[in-house]
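Q:
Numbering (the working numbering), first residue to last: 12 to 277.
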């Protein structure tokens, strides 16, 4: 990722609250998208001196910085969220800030306009633990990109919101701890109030249920209906399944419990 002209538009103003004129439409898979061009709208807020200092901290830090500065990195992640959720914009404007503390990442925005904060120490640690692989940070950043592409008045409960981003990023590292916790699997209504340590895995299991129980891309359609077209999630589920909410609650809970009991091998 080069600074200069590419960075000017994104660095002058943070555009987290601007809606694009029209959300993408579900099923527009035949249209060719230029992800490389869109990636030019993603810029680093840190100055070059600070970025170089981060890269010099360790081999893992340099791998992470080189990963971020490569436009192909961002093009690949944009392609992933488009293919798995129809999250696409011709006018991406995202400013990325690297910080040494906090969570792994935080993304906020509306339909491709927003900001992302990344903890470079945690990212470098994840790369070290994976023996130099950039797969962990790639999935974390893809997860945060999903949050930047939501419509403004998102109606998803928090566990479905996080589960959606996990599903799109193909990030499943929270499933193992959830299986090991032996916690009772709650239905969708009860899961609205589950804690931080459960919500990522429980939400992801819901999206796996949709794709397993119904036709392929049902999870994608649900994301489009709720995150882009802003339909109530219960109405969206009833539209996809053709079943009442009461029947969905029972069916999804049974599937989720079998999934957990088999540790994802059903």
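For every residue, glycine included, the Cβ atom is placed at its ideal position computed from N, Cα and C.
1) Counting Cβ pairs closer than 8 Å, one from the region 82-100 and one from the region 126-137, do we hit at least three?
2) Applying the criterion that 16 or more other CB atoms from any shown protein chain within 10 Å of the CB defines a buried residue, is residue 140 buried or exposed?
3) Can you round the beta-carbon distance between residue 170 and residue 213 to whole angstroms, since I take them to be within the 8 Å contact cut?
4) Count the other C-beta atoms from every protein chain shown that fall within 10 angstroms of the C-beta of residue 112, then say buried if there are 16 or more, exposed otherwise.
5) Would you grab the beta carbon distance between residue 65 and residue 115 for me? Rounded to a whole angstrom, and I think it's under 8 Å.
6) Around the C-beta of residue 253, are 16 or more other C-beta atoms found within 10 angstroms, so that it is buried, or is it exposed?
7) With H, G and I counted as helix, E and B as strand and the rest as coil, what does DSSP make of residue 271?
8) Are the region 143-154 and the region 218-228 touching by the rule of at least three beta carbon pairs closer than 8 Å?
9) Exposed or buried, which one is residue 121 when buried takes at least 16 other CB atoms within 10 Å?
10) Pull up the distance between the alpha-carbon of residue 173 and that of residue 231, whole angstroms please.
11) Is the Cβ-Cβ distance between residue 117 and residue 57 less than 8 Å?
12) Consult DSSP for residue 198 and reduce its assignment to one of helix, strand or coil.
13) Report the rounded CA-to-CA distance for residue 251 versus residue 49, giving the unit in angstroms.
14) Report the option in 79, 68, 98 and 71 whose CA atom is closest to the CA atom of residue 44.
A: Walking through what the data contain:
1) Judged by Cβ distances under 8 Å, the region 82-100 makes no contact with the region 126-137, as fewer than three pairs qualify.
2) The residue you call residue 140 lines up with position 129 of the chain shown. Label assigned to residue 140: exposed.
3) The count along the chain shown starts at 1 and reaches residue 170 at position 159. The count along the chain shown starts at 1 and reaches residue 213 at position 202. Indeed, because the Cβ distance is near 5 Å, the residues count as touching under 8 Å.
4) Stepping through the chain shown from its first residue, residue 112 is reached at position 101. By the 10 Å Cβ count, residue 112 comes out exposed.
5) For this step, residue 65 is matched to residue 54 along the chain shown. For this step, residue 115 is matched to residue 104 along the chain shown. That pair is no contact at about 15 Å.
6) Taking the first residue of the chain shown as 1, we reach residue 253 at position 242. Residue 253 comes out exposed.
7) Position 260 of the chain shown holds residue 271. Here residue 271 sits in helix by DSSP.
8) Counting C-beta pairs closer than 8 Å gives fewer than three between the region 143-154 and the region 218-228, which falls short of the contact rule.
9) Here the question's residue 121 lines up with position 110 in the chain shown. So residue 121 counts as buried.
10) Here the question's residue 173 lines up with position 162 in the chain shown. Here the question's residue 231 lines up with position 220 in the chain shown. So the two alpha carbons sit approximately 15 Å from each other.
11) By 1-based counting over the chain shown, the position of residue 117 is 106. By 1-based counting over the chain shown, the position of residue 57 is 46. In this structure, residue 57 does not lie closer than 8 Å to residue 117 by Cβ.
12) The residue labelled residue 198 in the question sits at position 187 within the chain shown. Of the three classes helix, strand and coil, the one that applies to residue 198 here is coil, per DSSP.
13) Counting from one through the chain shown, the residue named residue 251 turns up at place 240. Counting from one through the chain shown, the residue named residue 49 turns up at place 38. Each residue's alpha carbon lies about 31 Å from the other.
14) Counting from 1 along the chain shown, the entry for residue 44 is found at position 33. Among 79, 68, 98 and 71, the Cα nearest to that of residue 44 is on 98.
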